[in-house]
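J.: Numbering (the numbering used here), first residue to last: 2 to 334.
My structure is below; once you've seen it, I'll send some questions.
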Amino acid sequence: MNTIKNRPEDMVEEMIEGYIRSNCDLLEKVEGVKAIRIKNTAPRVMVIAGGGAGCEPMYIGYAGERMADAIVSGNIYAAPSATALLKTIRQMYHEDGVLMITGNYIGDVLNYELAVELCGYEGIKARAVFVKDDILHAPKENQENRRGIAGIMCVIKAAAGAAACGLTLEEVEQTAIRARDQIGSVSVTFWPGYRPETGMPMYEMPAGTVEIGMGFNGEPGILKMQMPTADQLAEKILDYLIADMNLTGGDEVLLLVNGKGATSNMELSIISNSLHQYLSHKEITVFKTEVGNFFTAPGMGGISVTLMKLDPHLKKYYNLDSYTPMYTYRAKV
């Protein structure tokens, strides 16, 4: 697989520079680190997110209006350093404090926790929330070990909405935790992606099979099967989510249908239709559906499905107009 690049070691920096050049009315570079920030932030709680590059639009695509105030990138599939996080916070800190959001991966957890500690030494109020929405990565009794996937975006959006409405750091943090704890995702892989630096496949999969629960970097899933119909796949995915999240008839959810990078819009719409039909059969109300590419790997075929169980608090702060160059949300009236 051919990939567009100059030197592999420069890909992240050049991606950031190109993205800012294309969106300089809204975004600017954070000096000295691989990070971007929105311009002209008002004095309030700041929301910062970040992680390894290579999963775009996660994370670079989620800096914008009523979304993250800054994004800090690591190298490809590598966590940003605590130093990079601290430098970013220093350049945009307001006394209201900062909330950092990332996925529940070992490197990210270590570096974000260290960044919170370093902020404390400088009198900066900082908190961190780690998203763990991949319900098939670990059993429910061991959910602290679950990793974060597309549901990370939902937590960023809910927290950013709360921050934009002027809530305190503690309230923004609790909103993020509330969203995190009401989210579940199931990932299904159809074929492998490739390493952006080399163009080589990340792993191998037998032709004609799909794997449920496989990680975005090829971590083993829980079930291999022949490609089912859309209705069969939707039922399988939702049965996992409904059971894990204890959803019942009358519950209201946000539905996020994520393409992993190379799944067509036609296919995403077909599976979205099947998901809606099965949720309706279960008498679970879909408040809002978002369909697109939110957390990807280059060239990967597959989908993930995320549900967030809504309550009045989450609905209030999630259901706000948001805009970034890679993501738009229009509030449901």
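C-beta: ideal position from N, C-alpha, C; glycine also.
Because the structure is a prediction, the values reported are computed rather than measured.
(1) Express the C-alpha separation of R38 and I21 in angstroms, rounding to a whole number.
(2) I need the DSSP call for T176, collapsed to helix, strand or coil.
(3) Is L255 helix, strand or coil when you go by DSSP?
(4) For a test of the three-state rule: what should DSSP assign to K133, helix, strand or coil?
(5) For the segment 183-192 against the segment 146-161, are there 3 or more C-beta pairs whose distance is under 8 Å?
(6) I think L321 touches G214, with their Cβ atoms under 8 Å apart; what is that distance to the nearest whole Å?
(7) Tell me which residue opens and which closes the alpha helix (DSSP H) that L115 is part of.
(8) What would DSSP say about P229, mapped onto helix, strand or coil?
(9) Would you decide whether P81 is buried or exposed? Buried here means 16 or more other CB atoms lie within 10 Å of its CB.
(10) Pairs of beta-carbons, one from the segment 111-119 and one from the segment 254-273, closer than 8 Å: are there three or more?
(11) What's the C-alpha gap between F295 and G200?
(12) List the whole-angstrom C-beta distance separating N259 from T307, where the pair is believed to meet the contact cut-off of C-beta under 8 Å.
(13) If I follow the unbroken beta strand (DSSP E) through V156, where does it start and stop?
(14) Tell me which residue opens and which closes the beta strand (DSSP E) that I72 is part of.
(15) For T1, which residues does DSSP report across the bridge?
(16) Please report how far the alpha carbon of K133 lies from the alpha carbon of Q144, in whole angstroms.
(17) Using the DSSP secondary-structure output, state which residues sit across from T307 in a beta bridge.
(18) Is it true that the CB of A85 sits closer than 9 Å to the CB of K35?
(19) Give every residue of the same chain whose Cβ lies closer than 7 Å to the Cβ of R179, excluding the five residues on either side of it in the sequence, and list them in chain order.
(20) Secondary structure at M59, three-state DSSP: helix, strand or coil?
(21) Whose C-beta lies closer than 6 Å to the C-beta of K40 among residues of the same chain, with five residues either side of it excluded?
(22) I think T103 touches G51, with their Cβ atoms under 8 Å apart; what is that distance to the nearest whole Å?
(23) Mind checking whether M203 and G194 have CB atoms under 9 Å apart?
(24) In chain order, what residues of the same chain have a beta carbon less than 6 Å from the beta carbon of I238, not counting five sequence neighbours either side?
(25) Below 9 Å between beta carbons: does that hold for G250 and K283?
(26) For P207 and E236, what's the separation of their Cα atoms in angstroms?
(27) Between G65 and T325, which are expected to be in contact by the criterion C-beta below 8 Å, what is the C-beta distance as a whole number of angstroms?
(28) Taking A244 as the reference, which of S74, I285 and V48 has the closest Cα?
(29) Ignore the nearest five residues each way along the sequence and tell me which others in E174's own chain have a CB closer than 7 Å to its CB.
(30) Nearest by alpha-carbon distance to V156: which of V334, K333 and L311 is it?
(31) What span of residues does the beta strand (DSSP E) with R38 cover, start to end?
(32) With DSSP as the reference, label I243 as helix, strand or coil.
(33) Return helix, strand or coil for Y195, following the three-state DSSP convention.
(34) Is the CB-CB distance between M301 and A263 below 9 Å?
T.: Per the coordinate set shown:
(1) So the alpha carbons of these two residues sit roughly 10 Å apart.
(2) Note: T176 maps to helix in three-state DSSP.
(3) Collapsing the DSSP output to three states places L255 in a strand.
(4) The DSSP-derived three-state label of K133 is coil.
(5) The segment 183-192 is in contact with the segment 146-161.
(6) For L321 against G214, the beta-carbon gap comes to about 32 Å, at or over 8 Å, which does not count as contact.
(7) From DSSP, the alpha helix (DSSP H) with L115 extends over I107 to Y122.
(8) It is coil, neither helix nor strand.
(9) It is buried - the Cβ of P81 has at least 16 other Cβ atoms within 10 Å.
(10) Judged by pairs of C-beta atoms under 8 Å, the segment 111-119 does not touch the segment 254-273, as fewer than three such pairs exist.
(11) Answer to the nearest angstrom: the Cα atoms are 21 Å apart.
(12) Confirmed, Cβ separation roughly 7 Å.
(13) Element bounds for V156: not the beta strand (DSSP E) but the alpha helix (DSSP H), G152 to A165.
(14) The continuous beta strand (DSSP E) containing I72 extends over residues A71 to I77.
(15) Because the chain in this structure spans residues 2 to 334, residue 1 falls outside the shown range and cannot be described.
(16) Per the coordinates, the alpha-carbon of K133 lies some 7 Å from the alpha-carbon of Q144.
(17) Looking at the DSSP output, T307 bridges to S186 and L257.
(18) Yes; because the gap between Cβ atoms is below 9 Å, this pair is in contact.
(19) Scanning its chain for C-beta atoms nearer than 7 Å, with the 5 sequence neighbours on each side dropped, one finds around R179 the residues H314 and L315, in chain order.
(20) Here M59 sits in strand by DSSP.
(21) If we look at K40 and ignore the five residues flanking it on each side, its Cβ neighbours are E29.
(22) Rounded to the nearest angstrom, the Cβ distance from T103 to G51 is 6 Å, consistent with a contact under 8 Å.
(23) Using a Cβ distance threshold of 9 Å, M203 and G194 count as a contacting pair.
(24) Same-chain partners within the cutoff: V187 and V306.
(25) Going by C-beta atoms, G250 is nearer than 9 Å to K283.
(26) The alpha-carbon atoms of P207 and E236 are separated by roughly 23 Å.
(27) Contact holds; Cβ gap of about 3 Å.
(28) Proximity to A244 across S74, I285 and V48 peaks at I285, based on C-alpha coordinates.
(29) These residues qualify, in order along the chain: L100, R128 and V130.
(30) Per the Cα distances, L311.
(31) DSSP places R38 in the uninterrupted beta strand (DSSP E) bounded by A36 to I39.
(32) I243: helix per DSSP, three-state reduction.
(33) Of the three classes helix, strand and coil, the one that applies to Y195 here is strand, per DSSP.
(34) Yes; because the gap between Cβ atoms is below 9 Å, this pair is in contact.
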